[in-house]
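Presented below is the structure to which this report refers.
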Amino acid sequence: MQRPVEKAPSARGSRGESDRTSHADTGSAGEIVAQFEIRYTRFLDENGRAVRELPAFARDPDVMRPIYEHMVLTRALDRKAVALQRTGQLGTYPSSFGQEGTTVAIGAAMARDDVLLGTYRETGAMLFRGVRIAEILQYWGGDEAGSDYRGPGAPRADFPICVPIATHAPHAVGVAYAMKLRREPRVAVCALGDGATSKGDFYEALNGAGVWQLPLVFVIVNNQWAISVPRSAQSHAETLAQKAIAAGIPAEQVDGDDAVAVYQAMRNALSAARDGAGPHVVEALTYRLSDHTTADDASRYRSADELERRRALDPIARLRSHLERAKLWSEADERRLEEATAARIEQAAAEFLALPPPPPEAMFDHLFAQLPEALREQRDALVAAAAAHRAETVSGEEDGQ
Amino acid sequence: MQRPVEKAPSARGSRGESDRTSHADTGSAGEIVAQFEIRYTRFLDENGRAVRELPAFARDPDVMRPIYEHMVLTRALDRKAVALQRTGQLGTYPSSFGQEGTTVAIGAAMARDDVLLGTYRETGAMLFRGVRIAEILQYWGGDEAGSDYRGPGAPRADFPICVPIATHAPHAVGVAYAMKLRREPRVAVCALGDGATSKGDFYEALNGAGVWQLPLVFVIVNNQWAISVPRSAQSHAETLAQKAIAAGIPAEQVDGDDAVAVYQAMRNALSAARDGAGPHVVEALTYRLSDHTTADDASRYRSADELERRRALDPIARLRSHLERAKLWSEADERRLEEATAARIEQAAAEFLALPPPPPEAMFDHLFAQLPEALREQRDALVAAAAAHRAETVSGEEDGQ
Amino acid sequence: MSGAAAAAGAADQGRHSTLSEITLVEAVNAALAHELEADPSVLVLGEDVGVNGGVFRATAGLYERFGPERVVDTPLAETLIAGMSIGLAAQGMRPVAEIQFMGFIYPAVDQLLNHASRLRNRTRGRLSCPMVLRAPCGAGIHAPEHHSESTESLFAHIPGLRVVVPSSPARAYGLLLAAIRDPDPVVFLEPTRIYRLVKENVRDDGTALPLDVCFVLRDGGDVTLVTWGAATRETLEAAERLAQDGVEAEVIDVATLAPLDMQTILESVEKTGRCVIVHEAARNVGVGAEIAARIADEGLMSLLAPIKRVTGWDTVVPYAKLEHDYMPRPEAIVAAVRETMEAA
Amino acid sequence: MSGAAAAAGAADQGRHSTLSEITLVEAVNAALAHELEADPSVLVLGEDVGVNGGVFRATAGLYERFGPERVVDTPLAETLIAGMSIGLAAQGMRPVAEIQFMGFIYPAVDQLLNHASRLRNRTRGRLSCPMVLRAPCGAGIHAPEHHSESTESLFAHIPGLRVVVPSSPARAYGLLLAAIRDPDPVVFLEPTRIYRLVKENVRDDGTALPLDVCFVLRDGGDVTLVTWGAATRETLEAAERLAQDGVEAEVIDVATLAPLDMQTILESVEKTGRCVIVHEAARNVGVGAEIAARIADEGLMSLLAPIKRVTGWDTVVPYAKLEHDYMPRPEAIVAAVRETMEAA
Ligand SMILES: Cc1ncc(C[n+]2csc(CCOP(=O)(O)OP(=O)(O)O)c2C)c(N)n1
Ligand SMILES: Cc1ncc(C[n+]2csc(CCOP(=O)(O)OP(=O)(O)O)c2C)c(N)n1
Ligand SMILES: [Mg+2]
Ligand SMILES: [Mg+2]
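Protein chains in written order, with the working numbering: chain D, 211 to 611; chain E, 211 to 611; chain L, 9 to 352; chain R, 9 to 352.
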């Protein structure tokens, strides 16, 4: 949490314009007019041992077991997806291997009708919020229909995966503005990477969230790399959390491989935001154990040593140790989970593989609410051309992915 | 100056990735991992009395008199420009009335071959750096040739006035990068407004300057208003200086109506940057006593009271008091200056008014280094059409501004 | 059009009034006020649109009437303005955002192209983006550098966006209502040069004009003049001059530049056999190029003469001293028409 | 071309080598290496261009060879990349910046339009902007959403910018050299679909190809096919198929989309009387529209048939499953040519 020493009045027209003329000024370095600090929290060390007093929920099986189960599910889905990609059955895929503690805790901390605006690496949060596995595969298989979340209790107001980095941050401001304007007890959650914090969109969104004191929680998922660019080359800032100081927003760092810490920070931030306390920034320190995507080769730019060191901090093993120690989890539970997870993944993969290809005209049918007259001819021509082409290439050599 | 408590190693790959796992974590609020503070400095109070020990230069006539003279010149030029605009002889014009202490001190602190990247409200800095009065009028009269600084010792590498807010901040990064790459003892200075600090460009530039530790000084000319939007509605940040914390850059606030404070802060920042110490942010707290531009009516959005209060802080009167007290200035000096200034302004205005209109083909002749073949026909057609039109409207009713 | 908004529009028909002799910018103001009143999901946002009422006064009085939550002064951040509008729209609001001048719209391009125009498509209709982005455009008011842009073709090229340019107070009123009620994103460009140049009576009865269709401003059988925005004035003036010499020009105001109603244009060209396209934007890859290209495909056989374009030059819009040399003049339009008349 | 760079290019002629069977992306790499070597003012910057050698390996090996100060990994910030390139260029450097995919180029539009393209003009030549902004473009590689853009027409519409699209390894090498040496800003778009599809020998002797001119890839007297970038492949394939039926197509690779060499195109159309324009970008207000419009004005009288365009559809480039249904196919080009042949 950052703690401004001087709290300027927030009334319109006076903020930051506070009259300095009355300040007596001694000393040679000028008087201090604002002070800030960034704090870091973890509950579980890399062995899953508590390093500080645990919050009550950390011993509540109803909270902790679903988190753990979804972390395992997320990793299993990543494995499957990479396998599908390697065999040409899926497009480029970004694993969240190593980041499960953060991504799942984000999803778990949110309320049903909060709105998630995330990147391609929030699979865990999406799963927790009710996006179906088959939809996630459908999306990465190259079909936009995977973003039309249709599962039971699906988060229909959540934004689709955001690919252009940080461009969803301003959306989150709009979503939160609507919530606040309508006096709804809802919160927008914007998750983005360490690389994303270098973009102006992120900053403009932070600033807007501060100005309007919106119910908006930003989570910086600092996995230390933006493709090949390390955190150190991304910014000279000592922490990424302190980016929030630029917008007058409170911020904190947590151990992102400690799901308890992430969940706790998110819960607090969400309930404060829900109560009208305004925005908050959580920087979760984690690590991307996989390549950036299946199109990347991380060995080009990072050392085997570093990877080895970080593997030891695995959030899943860590949480399992804690759960076992707290008697919330057993070897038998683990075996059951493994089986159930494998079955779910296989079933979803089968469902995905059985999906019919999207009809070509889909590219026109959702462009506008109603197809403009001007486009009707093109749509017809597309349908005809695609049919002719498919008839010709019935052997399917061209689009056989 | 901001003072990070924890100085993370800046080696590639390790910054911000420092291993938190070894930190013992007690207390309930998490451990402090970074701390910052923003300081505010002024030397002269609103009556020009020293409130702290003055730097030596404040009693050096070779430094202080030119600053004062240019402040008076800037105000006189503003007056003249507004009068010309009111009589249809100039286009929209933005006064820097009330900000002379800041803008002139910026110009005065810079070295000849530093590069200024400023807005439309840095007239004082431009004048100090050798841009001719007639050129400034030519520019605001609607002729780009006013940006082709041609006076003796003109700052030929300075950027032209930047109109799209904050878009020049990334340019400053490039300029400073070139200086650093070539090992030149030069600095880029980017001056921008309080409103400009809300733009992503500014932030991306701050961050870039931090990453490469460039010789780049940002001056936030916080005149409390961005057209009708007050500082308080622009950001929830307690100070604008603290925006620099987001980039790990040192920053400070100064009294922008105290030319001594601005000059001192700029000198320090410039010489540090020149010595390889990296970028710096100075927030100068000042006030726009005029309308935003001649097209604006500030009474629509700000109170007469506020204006009255701020008029009392006039940087020119303040500096004059100091200079007189320090025996650097006399009543006779003032009279001489008034006369000389008036004469300079009148002569420049006459020169401006006598300028021939730019030839129509000027709009093609500087588009590319060499006119592409593809545009030759258009240029010829333009010349013909303009000649025909001028022949027809020889009475000059259309373009008579 | 959302059901609610349509109903509100209809219910409103009873209490309409006629705004007499209002300017284009006043018509914009009236349309905004009407929709803020009729539809609680409408909100207006942008730089200086609140307390100050907009630098052109397009939002004057709205802040006082609808309050700071619905008439929102934003920080100086165009990416934020466009981006948050998308978030608002996805949540069922109908944001009408203002960019202060078209010269400052470019930080919004990313949001418009990568998100606003494709949010519906990307989610197969689950989310949508009923937002309007208004921006004053064009040269001719002796404004500073970067204040005189007509870069509509950048937006017209983006699939999934509507681009609308009104050319009179009544069309500004009716088209802006339609834009706000439209379920998809609309870029609404208001030519500053005609903001206060013409006045006319406008019925403030909530009646929208149709989008996606051209308006025929003048009938004629000899030549088709296609134009939009401020250039409609010079085009109509040219048509008058031509009429004095017995040449009857049909004048079409395209109004919605994308999607493009080519049918009206092609039918006219079939009748006249000649076409001159007039716009203030630079010629190269302007929207006029698209119109000419479509005629050169689908209407070629009815052409009696080359298709001419009278446009801004392919150079940066010059600063005030030369801006009038940049824009198409009536005499240039007349000359182009004469060329096409001689060609046959 | 600056004197120094030209001299360096010339001096270099002695130690040329032939790069055998290299791909387009390797040709890009070779051109970058050549200029980094020849001209100390050249530097390369962008996301992942350094240590990683670029996500397409276009900059592979440059970091090792020329060091981190001249082959610069930037933070993830496209506005910064474009904007700092302008600052570098104004200081006499020759930055060659990479935008990782064209879908992420839009934050750079403001900088390109408001600054890069007009710095020289705004200062009447006092400052200039010799920068290159490279970006991979186009669909067809099963990439994620937003990775398949062909929005060249946005840039072609901006006065003061050059827009160049190579269509072969040799042209990529020669045109990129020319772009780097050019004293004005160039947007250089590299079609990912043909990054590795064709290999050819390229002489690495520092010889630039001319900008601002079209390349005639195939002579023919029956119809003119105008295209650029990846679509040259389908166009050439269509020309082969047509030749089998006795229709000889002239194939023109526009290469520099702006400023546009219409002379080559008009001369060809004068000869053939027929024109089909092929591009992957959406049709509406694409660069093809400009070409058609110019022919419909200056070349109308030689036309024997309507001008056809075979292009991407006016919709968002679909995600991988449908991207091949988006792009122009040889059979569509053949069909369009047949239509024009029948029209006469
Ligand atoms: C605006 C933009 N620029 C570039 C890219 C290409 N790109 C995709 S992911 C990525 C790195 C993102 O890093 P970070 O924000 O740390 O997220 P992570 O991938 O580590 O989860 C880049 C540069 C993009 N998607 N969007
Ligand atoms: C990107 C951009 N958006 C909007 C504008 C219109 N505009 C001109 S000045 C201004 C306010 C600038 O405020 P500030 O940065 O505080 O500078 P000041 O005018 O107070 O010196 C605005 C919104 C602009 N020039 N550029
Ligand atoms: Mg990352
Ligand atoms: Mg200001």
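No residue lacks a Cβ here, since even glycine has one placed at the ideal position from N, Cα and C.
task = Could you list which residues in chain L have their beta carbon closer than 9 Å to that of Lys316 of chain R, in chain order?
result = The contacting residues are Asp305.
message = Using beta carbons (cut-off 8 Å, strictly below), is Ala601 of chain E in contact with chain L?
response = Residue contact with chain L for Ala601 of chain E: absent (no Cβ-Cβ distance below 8 Å to any residue of chain L).
Enclosing alpha helix (DSSP H) for Phe338 of chain E [first to last residue] = From DSSP, the alpha helix (DSSP H) with Phe338 of chain E extends over Thr333 to Phe338.
ask   = So which residues put a beta carbon under 6 Å from any heavy atom of ligand 4, going in chain order?
value = Residue list for ligand 4: E:Gly403, E:Asp404, E:Gly405, E:Asn433, E:Trp435 and E:Ala436 (CB closer than 6 Å to any heavy atom, chain order).
task = Measuring only between beta-carbons, confirm whether Asn417 of chain E sits less than 8 Å from chain D.
result = It does: the Cβ of Asn417 of chain E has a partner Cβ on chain D nearer than 8 Å.
ask   = Mapping DSSP to helix, strand and coil, what is Ser28 of chain L?
value = Strand, per DSSP.
ask   = With respect to 7 Å, is the separation between the Cβ of Arg132 of chain L and the closest non-hydrogen atom of ligand 3 below this value?
value = No; taking the cut-off as 7 Å, the Cβ of Arg132 of chain L has no heavy atom of ligand 3 nearer than that.
request  = Assign Thr313 of chain E to one of three DSSP states: helix, strand, or coil.
outcome  = Correct three-state label for Thr313 of chain E: helix.
request  = Decide if the region 310-323 of chain L is in contact with the region 22-40 of chain R; the criterion is three or more beta carbon pairs, one per stretch, under 8 Å apart.
outcome  = Three or more Cβ pairs closer than 8 Å define a contact, and the region 310-323 of chain L falls short of that threshold against the region 22-40 of chain R.
message = Is Val421 of chain D close to chain E? Criterion is C-beta to C-beta, closer than 8 Å.
response = True, the Cβ-Cβ gap to chain E drops below 8 Å.
ask   = Using a Cβ-Cβ distance under 8 Å, would Gly405 of chain E count as near chain B?
value = Protein chains D, E, L and R are contained in the structure displayed, whereas chain B is not.
key: Cβ-Cβ distance between Ile202 of chain L and Arg170 of chain L below 8 Å   = Result no, Cβ atoms of Ile202 of chain L and Arg170 of chain L do not sit closer than 8 Å.
request  = Verify the contact flag: Leu84 of chain L, CB atom, against every heavy atom of ligand 5, threshold strictly below 7 Å.
outcome  = The model depicted lacks ligand 5 and carries ligand 1, ligand 2, ligand 3 and ligand 4 instead.
inquiry  = Does the distance between the C-beta of Thr67 of chain R and the nearest non-hydrogen atom of ligand 1 fall short of 7 Å?
reply    = The closest heavy atom of ligand 1 lies 7 Å or more from the beta carbon of Thr67 of chain R.
Chain E within 8 Å of Arg392 of chain D, Cβ atoms only = No, Arg392 of chain D does not count as interfacial toward chain E.
ask   = For the region 164-185 of chain R, which residues have a CB atom closer than 7 Å to at least one CB atom of chain E, in sequence order?
value = Flagged, chain order: Pro167 and Gly168.
query = So Met573 of chain E packs on Val234 of chain L, CB below 8 Å; how close in whole Å?
reply = No, Met573 of chain E and Val234 of chain L are not in contact; Cβ-Cβ is about 25 Å, not under 8 Å.
Residue-chain proximity (Thr377 of chain E, chain R), Cβ-Cβ < 8 Å = Cβ-Cβ to chain R under 8 Å: yes for Thr377 of chain E.
request  = In angstroms with no decimal places, state the Cα-to-Cα distance between Ala293 of chain D and Phe163 of chain L.
outcome  = Rounded to the nearest angstrom, the two C-alpha atoms are 41 Å apart.
query = Less than 8 Å separating the beta-carbons of Pro138 of chain L and Ala97 of chain L?
reply = Yes, the Cβ-Cβ distance between Pro138 of chain L and Ala97 of chain L is below 8 Å.
query = Out of curiosity, what's the CA-to-CA distance linking Thr503 of chain E and Val63 of chain L?
reply = Taking the straight line from one Cα to the other gives about 11 Å.
message = Counting beta carbon pairs with one atom in the region 71-81 of chain L and one in the region 110-123 of chain L, are three or more of them shorter than 8 Å?
response = The region 110-123 of chain L, when compared against the region 71-81 of chain L, does not touch it at the 8 Å Cβ threshold.
ask   = CB-CB under 7 Å to Thr231 of chain E, same chain, minus the five flanking residues each way: which ones, in chain order?
value = At Thr231 of chain E the pLDDT is 35, less than 50, meaning the model places this residue with poor confidence; the figure from the coordinates comes in the next sentence. Around Thr231 of chain E: no qualifying Cβ.
key: Beta bridge counterpart(s) of Asp353 of chain D as assigned by DSSP   = Partner(s): none; Asp353 of chain D has no beta bridge.
ask   = In three-state terms, what does DSSP make of Lys390 of chain E?
value = Here Lys390 of chain E sits in helix by DSSP.
request  = Determine the contact status of Asn478 of chain D and Ser445 of chain E, defining contact as a CB-CB distance below 8 Å.
outcome  = Their beta carbons are not under 8 Å apart, which means Asn478 of chain D does not touch Ser445 of chain E by this criterion.
key: Bounding residues of the beta strand (DSSP E) (the contiguous stretch that carries Arg211 of chain L)   = Element bounds for Arg211 of chain L: Glu208 to Arg211.
request  = Check distances from the C-beta atoms of the region 86-113 of chain R to those of chain D and list, in chain order, the residues that come in under 7 Å.
outcome  = Against chain D - using a Cβ distance shorter than 7 Å - the residues of the region 86-113 of chain R are Thr87, Gly111 and Phe112.
query = In chain L, which residues lie with their C-beta within 7 Å of the C-beta of Pro115 of chain R?
reply = Close to Pro115 of chain R, with beta-carbon spacing below 7 Å, are these residues of chain L in chain order: Asp118.
key: Amino acids of chain D, ordered along the chain, whose beta-carbon sits closer than 8 Å to that of Lys409 of chain E   = Against Lys409 of chain E, the close residues of chain D are Gly410 and Glu414, in the order they occur along the chain (beta-carbon pairs closer than 8 Å).
message = Between the alpha carbons of Leu308 of chain R and Ala246 of chain L, how many angstroms are there, rounded?
response = Leu308 of chain R and Ala246 of chain L: Cα-Cα distance of roughly 24 Å.
inquiry  = ligand 3 and Arg510 of chain D: does the residue's C-beta get closer than 7 Å to at least one heavy atom of that ligand?
reply    = The answer is no for Arg510 of chain D.
task = Look at the alpha carbon of Gly148 of chain L and the alpha carbon of Leu205 of chain L, and state the distance between them as a whole number of angstroms.
result = Between Gly148 of chain L and Leu205 of chain L, the C-alpha separation is close to 11 Å.
query = Can you tell me the Cα-Cα spacing of Val173 of chain L and Gly296 of chain L, whole angstroms?
reply = Annotation: Val173 of chain L to Gly296 of chain L spans about 14 Å, alpha carbon to alpha carbon.
ask   = Run through DSSP, which three-state label would Gly410 of chain E get?
value = In the displayed model, Gly410 of chain E falls within a helix according to three-state DSSP.
8 Å Cβ cut-off: residues of chain L touching Met573 of chain E = What Met573 of chain E touches in chain L: Trp321, Thr323, Val324, Pro326, Leu330, Asp333 and Tyr334.
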